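Okay, structure first, notes after.
Below is the structure:
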């Protein structure tokens, strides 16, 4: 089967969950080959990649690759595309991943698809477009298909691969070195999972009422081991930090379970969460647009419903 390159997302030598999802997806369409960009690969990381199907692991361990903004990774992938002629290249549909995909498409004269939520035979991608108003199937018509896939679109499944390591070198152009990273500030990681990678997300909206009341949303999230999200109305009001905003102008999530509490369901918010596998809406307005999208709906005051739900979840632990 043809080789499919998967760009590894990693932090401090740890492989992120979205990479395991991409390897699982690649395995259904060809032979997965992981691409590790930058130094710091560990034996545990190699074992993890092999566990989820990586037949090869291309390691470009130069510090230069992570010393500049985005462009070196695109050049690394472009050189691998030229040398290995893969059937496709898969990256995570993060802000950085989508920029890498776009740059790679230009360098390889190929088509690119972003925000895919599924990928089938012939590399036909499922997408949600126009602010979530239309679902389409897309296919690259030129060059090597480059596809940025949303986190949580595929359930990761282990299936051992050979994990054969191959060191690769990359020759960076002057253009790739135009923007240098001069400082990194590490954000303290909380106990909750990262929003875009979480399997469960509990979000609060205008109906929460205040910043103090978001403790109700956080309580349910902590009981479920979930991430906390917020609507634009809630973040604009200063009730919750903007980095947790879910929506067209915030973050796009695709969890297994999305609970929307006190969120009306405006199109801007729906664009960021409607590809969730199961959606539960809690709203006291029975005509709220969110119910059109929800798999399950509860008409009621979230301040009564959510604490009861949290209590029931805690009982079953």
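Residue numbers (the working numbering): 18 to 334. Where is the CB? At the ideal position from N, CA and C, for every residue including glycine. Keep in mind the model is a prediction, meaning the values are calculated, not measured.
Assess contact between the segment 249–257 and the segment 213–224, defined as three or more Cβ pairs (one per stretch) separated by less than 8 Å. Is contact present? yes
Can you round the beta-carbon distance between residue 202 and residue 170 to whole angstroms, since I take them to be within the 8 Å contact cut? What you label residue 202 is simply residue 185 of the chain shown in a count that begins at 1. What you label residue 170 is simply residue 153 of the chain shown in a count that begins at 1. In fact, because the Cβ distance is near 30 Å, the residues do not count as touching under 8 Å.
Count the other C-beta atoms from every protein chain shown that fall within 10 angstroms of the C-beta of residue 55, then say buried if there are 16 or more, exposed otherwise. As a first step, residue 55 is located in the chain shown; it is residue number 38 there, counting from the start. Buried is the call here.
Assigned exposure category for residue 338 - 16 Cβ within 10 Å defines buried: Here the chain has residues from 18 to 334 only, and residue 338 is not among them.
Can you round the beta-carbon distance between residue 124 and residue 20 to whole angstroms, since I take them to be within the 8 Å contact cut? For the purposes of this step, residue 124 is taken as the residue at position 107 of the chain shown. For the purposes of this step, residue 20 is taken as the residue at position 3 of the chain shown. Rounded, the Cβ-Cβ distance is 18 Å, inconsistent with contact.
Just to confirm before moving on: does the CB-CB distance between residue 197 and residue 85 stay below 8 Å? Taking the first residue of the chain shown as position 1, residue 197 is located at position 180. Taking the first residue of the chain shown as position 1, residue 85 is located at position 68. Yes, these two residues count as a Cβ contact at 8 Å.
Would you list the residues sitting across from residue 23 in a DSSP beta bridge? Translated into positions along the chain shown, residue 23 becomes position 6. According to DSSP, which records beta bridges pairwise, residue 23 is partnered with 51 and 107.
Mapping the DSSP letters down to three states, classify residue 134 as helix, strand or coil. The count along the chain shown starts at 1 and reaches residue 134 at position 117. Three-state DSSP puts residue 134 in a strand.
Applying the 10 Å Cβ sphere with the 16-neighbour rule, what's the burial state of residue 29? As a first step, residue 29 must be located in the chain shown, where it is residue number 12. Looking at its Cβ environment, which holds fewer than 16 other Cβ atoms inside 10 Å, residue 29 is exposed.
Is it buried or exposed, residue 229, if we count other Cβ atoms within 10 angstroms and call 16 or more buried? Residue 229 sits at position 212 when you count from the first residue of the chain shown. By the neighbour-count rule (16 or more Cβ atoms within 10 Å), residue 229 is not buried but exposed.
Identify the continuous beta strand (DSSP E) that holds residue 144 and give its terminal residues. As a working mapping, residue 144 is identified with position 127 in the chain shown. Run containing residue 144: 141–146, per the beta strand (DSSP E) assignment.
Just to confirm my understanding: we take residue 298, look at its own chain, exclude 5 residues before and 5 after, and list those with CB closer than 6 Å. What are they? Mapped onto the chain shown, residue 298 falls at position 281. The answer, listed in chain order, is 277, 307, 308, 311 and 314.
By alpha-carbon positions, which one of 326, 291, 24 and 82 ends up nearest to residue 188? If you number the chain shown from 1, residue 188 lands on position 171. The shortest C-alpha separation from residue 188 is found at 82.
If you follow the alpha helix (DSSP H) that residue 233 is in, where does it begin and where does it stop? Here residue 233 is taken as the residue at index 216 of the chain shown, counted from 1. Segment 231–241, the alpha helix (DSSP H) holding residue 233.
Cα separation between residue 247 and residue 136? What you label residue 247 is simply residue 230 of the chain shown in a count that begins at 1. What you label residue 136 is simply residue 119 of the chain shown in a count that begins at 1. If I take the Cα positions, the gap works out to 29 Å.
Report the CB separation of residue 225 from residue 256 in whole angstroms; it is logged as a contact under 8 Å. Taking the chain shown and counting its residues from 1, one reaches residue 225 at position 208. Taking the chain shown and counting its residues from 1, one reaches residue 256 at position 239. Their Cβ separation, rounded to whole angstroms, is 6 Å, which keeps residue 225 and residue 256 in contact under 8 Å.
Please report the straight-line C-alpha distance between residue 66 and residue 301, rounded to a whole angstrom. Within the chain shown, the letter at position 49 stands for residue 66. Within the chain shown, the letter at position 284 stands for residue 301. So the two alpha carbons sit approximately 46 Å from each other.
Beta-carbon within less than 7 Å of residue 235's beta-carbon, same chain only, minus the 5 sequence neighbours each way: which residues are those? If you number the chain shown from 1, residue 235 lands on position 218. Closer than 7 Å at the Cβ level, and outside the excluded window around residue 235, lie 245.
Rounded C-beta distance between residue 98 and residue 161? I'm assuming under 8 Å. Your numbering for residue 98 matches position 81 in the chain shown. Your numbering for residue 161 matches position 144 in the chain shown. With 8 Å as the limit, residue 98 and residue 161 qualify as a contact, their Cβ atoms being about 5 Å apart.
Just the Cα atoms here: how many angstroms apart are residue 109 and residue 43? Residue mapping note: residue 109 aligns to position 92 of the chain shown, counting from 1. Residue mapping note: residue 43 aligns to position 26 of the chain shown, counting from 1. Roughly 12 Å between the two C-alpha positions.
Would DSSP call residue 33 helix, strand or coil? Working through the chain shown from its first residue, we reach residue 33 at position 16. The answer is coil: DSSP assigns residue 33 none of H, G, I, E or B.
Excluding sequence positions up to five away, which residues of its chain have a Cβ less than 7 Å from the Cβ of residue 238? As a first step, residue 238 must be located in the chain shown, where it is residue number 221. Correct list, in chain order: 209, 219, 244 and 245.
Starting from residue 98, trace the beta strand (DSSP E) both ways and give me its first and last residue. Within the chain shown, numbered from 1, the residue matching residue 98 stands at position 81. Segment 88–101 is the alpha helix (DSSP H) holding residue 98; no beta strand (DSSP E) there.
Are the beta-carbon atoms belonging to residue 139 and residue 159 less than 8 Å from one another? Indexing the chain shown from 1 puts residue 139 at position 122. Indexing the chain shown from 1 puts residue 159 at position 142. No, these two residues do not count as a Cβ contact at 8 Å.
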